[in-house]
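Trainee: Protein chains in written order, with my numbering: chain A, 88 to 302; chain B, 382 to 1054; chain C, 40 to 354. Quick one: the structure is below, and I'll ask about it shortly.
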Amino acid sequence: MIQDFVILCAAGMLVTVYLMVGQRALVVAIRLYGVQSLLLGAVGIAIGVADHRPHLLVTAALTVVLKAALIPWFLLRVIDRVGIRREIEPFVNVPASLLLCLGLTVVGYRVSLGMAGASQGVPHQVVGVALSMVLMGLFLMVTRRKALTQILALLTIENAVFLVAVGATSGMPLIVELGISFDVILAVLVLGVLVNRIVDRFESMDTSRLSNLRG
Amino acid sequence: MSATWFPLALVLHATGVALALVLHRRPAACRWAAFLASAAGSAATFALGASVLATGRAVRGVLFENPAAGMTVGYSVDPLSAWFLVTFAVLAAPVAVYSVGYLAHGIPPGRTAFVAVAWNVLLMSVETVFAADGVLGFLVAWELMSLATAALVATDHESRPSRRSAFLYLAMSHLGTGCLVAGFFLLAAGSGSLAFADILGGAVTASPWRGLLFVLFLVGFGVKAGVVPLHVWLPEAHPAAPSNVSALMSGGLINAGLYGLVRVGAGGLGRPDPGWGMGVLLLGSVSAVLGVLYALSENDLKRLLAFSTIENGGIALMAFGAGMIGLSAGRPELGALGFAAGLYHVLNHAAFKGLLFLGAGGVVAATGTRRIEELGGLIHRMPRTAGLFLLGSAAIAGLPLLNGFASEWLVFQSLLRGFFFAERLTRIVLPLGGALLALTSALAAACFVKAFALTFLARPRSRAAAEATESSALLLAPQAFLAAACVALGLFPGPVLRVLAGVAGSLPGIGPQAGFTGGLAGVTIGVPAFDHLSPLVLVPAVALGLGLAAALGLRSARVPRRAPAWGCGGELSAETEYTATAFAKPLVMVFRGIYRPTREVSTVETAPYFASEVRYRSEIGAPFERHVYGPATRAVLAAAGRLRVIQAGSLHAYLAYVLVLGVILLWWLGGLP
Amino acid sequence: MTTNPLPVALFAVAQAVGFLMLAPLLRGLIKKMKAAFQLRQGPRLLQPYSDLAKLLRKEPVRSTTASWVFVAGPRVYFASAVTATTLLPTVFAAAPLEAAGGILLLVGLLALGRFALATAALDTGSPFGGMGASREMTVGALAEPALMLALFTAGLSAGSLNLGELVRHTAERGTSIHPGEILAAAALFIVLLAEAGRVPIDNPATHLELTMIHEAMVLEYSGADLALVEWASGVKELLFMTLLAGLFFPIGVATSLAPQALAISALALLAKVAALALLVVLVESTNAKLRFFRVPELMAVALGLGFLALAMRFF
């Protein structure tokens, strides 16, 4: 039963990523990220309870607090400050993006099939989901112009890695997980500041205009 | 007990680094502390090397170990490493003492800490290169050595030529290191181990890659040893560095390349092919002849010495080549002779080249110029420097009773001794090598007559030279030490060769040999005797000759009369003296096929029919830069220009590269079981 | 050394003194013969002795810019030439200081002399000194390899680079002349002309400074300094002739200490040297001095002959 719950949460995370790809309001994207992190926390708690790994509970709680609450709040503040609320036309339009994401999901699943039975405790579908999320996050970074969307994509990738780590390994040491969490916080803080600076300087969050700076 | 000396030496150098950093605001204290620590480290290295050479047993230890990663960095000082460590220490210790005095005026005071730190790091890394027992330690130390040297070459980084020299040095160095990395990892892949005892112990005999491996190592180590055509960095980098660093670079760092070549060539990759030995011999001959020819045409004192380093590296290579030919023909006693000759020359070169560079440094510090055309008459202002420089010049010219003659004699033996057994092709190559060595030796004598006489004798050609002052004792004492070493090594080749017999015997594939015997009096090659050398026997003869000359001269006058030299009715001055260019001109004309000199004469006329000014410009062609490196660099830049398209400058493009690559890899790997 | 040093030392001194005494005579003989070719009477046979004695008495005048190097030059040149004579076997098939070294040491000592003299020549600040030094080092740079190759040919065919051993080997082997050795002898003869400063390389009697090689180097010497240089040059000339005679024409060399053998050997040596002197005079009288930049071509010929000799002897 726990397995099914975990698979359900993983699938939910995948859905949030699809939704992120499919719409343009930045506020909604941030909220979707929050939901994704919440689901990740749920997965962590479920596995922690099922496999009797108490430190996983601590990690899951941390995840919920930091990634589901703190970071989205911070990013929403950044948006308020900057005043940009919508993503502009991406390089690849939305229907095409969705199709490509489907393709990336297939790739992720193909790899995960090769790992059937290799992971302990977690069904290989979860690994497939995580890989797909990584690829889709990368895809988002490639095709979206606004720096904020790229930050969200990076965070998505980080979530996916976390998902695999939580399930596939016999648990990372607490220190490592704490370290990673704080890394993420710091990264987001820095990136947020950077976004402010970029907008102040160039009056646009459009990172494709950065290529004008090439020497 | 002696096992701890190597880490002790490293610790002493590290102490030097720390002291230099701590005292960086007080240049004088910084200099004394850091360089005395360096000299102490060299003393420890010398003690270690001497003890290994005396007992003949290697000293091993571990510097750094990480069992989890399976990584061990250790050191193993066998007789070959010990010889190079001793050579290095014999040079580094006096040069460190010299640096204390030289850096007081040679560089801006704010840069003292930089030089002191880089110096100690350099010494540490070079000692580790000689003593490393595995690929990892060796490569890290090698790279660190290159970086520290580049930093020191760029000490005067405000000047564009210095920066360019350092850049050229780094580029060539990395070319060499790349070849070394490729070679080492090919070896390691073949045998599965990274320890030198396994991969360079002569076990890799039947690999089909042997030829390629040898070429890779030859290029990699050849760059560092200054072998023609990989030498282009040497005449730029050695003069650009401060003179104490130049002395160490010419006398010590070249040895790192030569050390590697001996490790690989003397049976490290198994029995060498005959072609290898001949290739090394030919490369050495070409380096020697071209090195001395270019040295002859130079008017910059330090560049002249740098080209001379190329020449001496070539001579050592000729000896190593002869040794390899001996080994490949199954005659280990000839191999031992060749390698011993080369190793002896390495030690001697450190001694006399160090002496010459230190002397040149003293001259540069006193006059502010490196150009021979602006010097002259310094023997009256700087008599001790002049005397020591004369001794160094005589040593490097291969004159008897000094060490240059002893090692060149031995190299001749190795070339001539091997003449009888080899097949036809080698029979041509060996005497050709001998003839080229004779030519080199004669040209070197001409070159150093020029270097000494035009710098120190006759009248000063500039105000700076006329007002020069003698160097301080701190600069002179190390030179005197090295000069004494030259004399000692020249008068007592016997004991040196006894030690060298042990070193050569420790090389894989040679074993203890009785190709030559050395007693206190002299050396005998071959049984029955092919040739002897006993300088000590000659000393009383020369002394008697000098005494007779003095006696004959006694009758004429007690106090000889001094008068100005006859100038054919005109007045002789600094302008009418023979110049350095003029001195070398006949030889430049004789060898113009190699030099390809160009000449431009233009007259400037102010009044009609009367030229008021004639401009003469003469230049020696630089064939390697023009025909090899120029086109190669242009080709690389052209290719890079075409590849520049990838650098779109767009964040999205770069991320797209990552995504595509990730998808491809995942698809491919995912399909694998 | 296991042998008693005293007889060896005496032998060495005797040989050196012998060379010193005979060198001026050789000079005088060559001058006399050259004069005979020119249908002149020429100076007295023993004139060089008088000249040396005169110079030794005179006061040397030295340049104000010269340093101790100028004074040391002739003395080192003299000492190196005299020491080199002890490495050669002359009347007896052994050299006094054989143990010191062989061919390479001999060539090295000659190089030492040349180095000292050339360095000293640059000390006066006179341009002729510089010119002479530069030209001498150029000719020397090309002559030395030729000399070495010729000597190596002889040495390698005898299996030793030790001059005494060489002469002993050729004496035992007899007078079977190999064409390679003739070439080597020819190369050595050309080097002899170069080292002795004879036509066609250099004119020892010229007064025109711009045509001088060796003379320009020693232009500034006077008194005892000049005497030492002249004497040493004469010793070098005799040394080369003895070398040529001993290595390539070892007829009559004594292999035992019997007085008869020694006397025959001494006479034979004198005859050989006289013959060589005649050959030198012939060459000098029938050739013009070469322009300086043609001299390297001649030295290249010598180098080529030396190499060819080696090749022919061993292929």
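From the three backbone atoms N, C-alpha and C, an ideal C-beta is built for every residue, glycine too. None of these values were measured; they are calculated from a predicted model.
Which bits of chain B does T294 (chain A) rub up against, with CB to CB less than 8 Å?
Mentor: The sequence position of residue 294 (chain A) within the first sequence is 207, counting from 1. The answer, in chain order, is L1032 and H1033.
Trainee: So V985 (chain B) packs on R996 (chain B), CB below 8 Å; how close in whole Å?
Mentor: For the purposes of this step, residue 985 (chain B) is identified with residue 604 of the second sequence, where counting begins at 1. For the purposes of this step, residue 996 (chain B) is identified with residue 615 of the second sequence, where counting begins at 1. Going by Cβ atoms, the distance from V985 (chain B) to R996 (chain B) rounds to 7 Å, so yes, they are a contact pair.
Trainee: For R980 (chain B), write down the residues that DSSP places opposite it in a beta bridge.
Mentor: Indexing the second sequence from 1 puts residue 980 (chain B) at position 599. Paired residue(s): B:S999.
Trainee: Taking D362 (chain C) as the reference, give the member of C:A62, C:E175 and C:L222 with the closest Cα.
Mentor: Absent from the model: residue 362 (chain C). The displayed extent of chain C is 40 to 354, so no value can be given.
Trainee: For the beta strand (DSSP E) that G442 (chain B) lies in, which residues bound it at each end?
Mentor: Within the second sequence, numbered from 1, the residue matching residue 442 (chain B) stands at position 61. Segment V440 to N447, the beta strand (DSSP E) holding G442 (chain B).
Trainee: What residue does the beta strand (DSSP E) around T150 (chain A) start on, and which one ends it?
Mentor: Here residue 150 (chain A) refers to the residue found at position 63 of the first sequence. T150 (chain A) -> not in any beta strand (DSSP E); alpha helix (DSSP H) instead, spanning P141 to T150.
Trainee: In the DSSP assignment, what are the bridge partners of D681 (chain B)?
Mentor: For the purposes of this step, residue 681 (chain B) is taken as residue 300 along the second sequence, with counting starting at 1. D681 (chain B) is bridged to B:R752.
Trainee: Considering only DSSP beta bridges, list what G363 (chain B) is partnered with.
Mentor: Only positions 382 to 1054 of chain B appear in the structure, and residue 363 (chain B) is not among them; the question remains open.
Trainee: For F972 (chain B), count neighbouring C-beta atoms within 10 Å of its own C-beta (all shown protein chains included) and say buried if the count is 16 or more, exposed if not.
Mentor: Taking the second sequence and counting its residues from 1, one reaches residue 972 (chain B) at position 591. Under this definition F972 (chain B) is a buried residue.
Trainee: Taking the Cβ atom as the reference point for each residue, do A717 (chain B) and L461 (chain B) lie within a distance shorter than 9 Å?
Mentor: Walking along the second sequence from the start, residue 717 (chain B) turns up at place 336. Walking along the second sequence from the start, residue 461 (chain B) turns up at place 80. No, the Cβ-Cβ distance between A717 (chain B) and L461 (chain B) is not below 9 Å.
Trainee: For T163 (chain C) and A823 (chain B), what's the separation of their Cα atoms in angstroms?
Mentor: Residue mapping note: residue 163 (chain C) aligns to position 124 of the third sequence, counting from 1. Residue mapping note: residue 823 (chain B) aligns to position 442 of the second sequence, counting from 1. Cα to Cα, T163 (chain C) sits roughly 24 Å from A823 (chain B).
Trainee: Shortest alpha-carbon distance to T750 (chain B) belongs to which of B:L783, B:N680, B:V727 and B:G707?
Mentor: Residue numbering aside, residue 750 (chain B) sits at position 369 when the second sequence is read from its first letter. Looking at the Cα atoms, B:N680 is the closest of the given residues.
Trainee: Per DSSP, which one or two residues make a beta bridge with G515 (chain B)?
Mentor: Along the second sequence, read from residue 1 onward, the residue named residue 515 (chain B) stands at position 134. Note: G515 (chain B) sits in a beta bridge opposite B:A576.
Trainee: Who pairs with K233 (chain A) in a beta bridge, going by DSSP?
Mentor: As a first step, residue 233 (chain A) must be located in the first sequence, where it is residue number 146. Beta-bridge pairing links K233 (chain A) to A:D293.
Trainee: So what's E508 (chain B) in DSSP terms, helix, strand or just coil?
Mentor: What you label residue 508 (chain B) is simply residue 127 of the second sequence in a count that begins at 1. If DSSP states are grouped into helix, strand and coil, E508 (chain B) belongs with the helices.
Trainee: Between which two residues does the beta strand (DSSP E) harbouring M630 (chain B) extend?
Mentor: Here residue 630 (chain B) refers to the residue found at position 249 of the second sequence. No beta strand (DSSP E) contains M630 (chain B), which DSSP labels as neither H nor E.
Trainee: With G633 (chain B) and A731 (chain B) assumed to form a contact (beta carbons below 8 Å), what rounded beta-carbon distance in angstroms separates them?
Mentor: Reading the second sequence from its first residue, position 252 is the one you call residue 633 (chain B). Reading the second sequence from its first residue, position 350 is the one you call residue 731 (chain B). Rounded, the Cβ-Cβ distance is 6 Å, consistent with contact.
Trainee: Taking C-alpha atoms, which residue in B:G702, B:A1037 and B:R942 lies nearest to V100 (chain C)?
Mentor: Locating residue 100 (chain C) in the third sequence gives position 61, where the first residue counts as 1. For V100 (chain C), the nearest C-alpha among the options comes from B:R942.
Trainee: Helix, strand or coil: how does DSSP classify T468 (chain B) here?
Mentor: In the second sequence, counting from the first residue as 1, residue 468 (chain B) sits at position 87. Helix, per DSSP.
Trainee: When burial is assigned at 16 or more other CB atoms within 10 Å of the CB, is E508 (chain B) buried or exposed?
Mentor: Sequence index remark: in the second sequence, residue 508 (chain B) carries index 127 (1-based). Flag for E508 (chain B) reads buried.
Trainee: How is the alpha helix (DSSP H) around T453 (chain B) delimited, first residue to last?
Mentor: The residue labelled residue 453 (chain B) in the question sits at position 72 within the second sequence. Unbroken run through T453 (chain B) is the beta strand (DSSP E), M452 to V458; no alpha helix (DSSP H).
Trainee: If you draw a straight line from the C-alpha of D912 (chain B) to the C-alpha of F58 (chain C), how long is it?
Mentor: The sequence position of residue 912 (chain B) within the second sequence is 531, counting from 1. The sequence position of residue 58 (chain C) within the third sequence is 19, counting from 1. C-alpha separation (whole angstroms): 25 Å.
Trainee: Identify the residues that DSSP records as bridge partners of S102 (chain C): which are they?
Mentor: Position 63 of the third sequence, counting from 1, holds the residue named residue 102 (chain C). Note: S102 (chain C) sits in a beta bridge opposite B:A944.
Trainee: Is it the case that the Cβ atoms of F833 (chain B) and T158 (chain C) are separated by a distance below 9 Å?
Mentor: Looking up residue 833 (chain B) in the second sequence gives position 452. Looking up residue 158 (chain C) in the third sequence gives position 119. A contact, by the Cβ cut-off of 9 Å.
Trainee: Are the C-beta atoms of V194 (chain A) and some chain B residue less than 9 Å apart?
Mentor: As a first step, residue 194 (chain A) is located in the first sequence; it is residue number 107 there, counting from the start. Yes, contact with chain B.
Trainee: Looking at chain A, is there any beta carbon in it that lies within less than 9 Å of the beta carbon of R1022 (chain B)?
Mentor: Locating residue 1022 (chain B) in the second sequence gives position 641, where the first residue counts as 1. Residue 1022 (chain B) is actually Gly in this sequence, not Arg. Closer than 9 Å: no.
Trainee: Which residue wins for smallest C-alpha separation from L101 (chain A), given the options A:R173, A:G195 and A:G135?
Mentor: The count along the first sequence starts at 1 and reaches residue 101 (chain A) at position 14. When only C-alpha atoms are compared, the closest one is A:G195.
Trainee: For S554 (chain B), I'd like the list of residues in its chain whose CB is within less than 6 Å of its CB, leaving aside the five on either flank, ordered along the chain.
Mentor: Counting from one through the second sequence, the residue named residue 554 (chain B) turns up at place 173. Only S527 meet the Cβ criterion.
Trainee: Is the segment 77–90 of chain C touching the segment 874–894 of chain B, taking contact as three or more C-beta pairs under 8 Å?
Mentor: Verdict: no, contact absent.
Trainee: According to the neighbour-count rule (16 or more other Cβ atoms, all chains shown, within 10 Å of its Cβ), is I229 (chain C) buried or exposed?
Mentor: In the third sequence, the residue the question calls residue 229 (chain C) occupies position 190. By the neighbour-count rule (16 or more Cβ atoms within 10 Å), I229 (chain C) is buried.
Trainee: Pull up the distance between the alpha-carbon of L737 (chain B) and that of A284 (chain C), whole angstroms please.
Mentor: Walking along the second sequence from the start, residue 737 (chain B) turns up at place 356. Walking along the third sequence from the start, residue 284 (chain C) turns up at place 245. Whole-angstrom Cα-Cα distance: 41 Å.
Trainee: Verify the CB distance criterion: does A1037 (chain B) have a CB-CB separation below 9 Å to chain A?
Mentor: Position 656 of the second sequence, counted from the start, is the residue given in the question as residue 1037 (chain B). Cβ-Cβ to chain A under 9 Å: yes for A1037 (chain B).
Trainee: CA-CA distance, F566 (chain B) and A721 (chain B)?
Mentor: Reading the second sequence from its first residue, position 185 is the one you call residue 566 (chain B). Reading the second sequence from its first residue, position 340 is the one you call residue 721 (chain B). Going by the C-alpha atoms only, they are around 29 Å apart.
Trainee: Note down the Cα distance separating G607 (chain B) from V392 (chain B), rounded to an integer number of angstroms.
Mentor: As a position in the second sequence, residue 607 (chain B) is number 226, starting the count at 1. As a position in the second sequence, residue 392 (chain B) is number 11, starting the count at 1. Whole-angstrom Cα-Cα distance: 30 Å.
Trainee: At a Cβ cut of 9 Å, what residues of the segment 208–229 of chain A count as close to chain B, listed as they run along the chain?
Mentor: Residues L218, V221, L222, L225, F226, M228 and V229.
Trainee: If we define contact as Cβ-Cβ less than 9 Å, is V198 (chain A) a contact residue for chain B?
Mentor: Counting from one through the first sequence, the residue named residue 198 (chain A) turns up at place 111. Answer yes: the Cβ-Cβ gap between V198 (chain A) and chain B drops below 9 Å somewhere.
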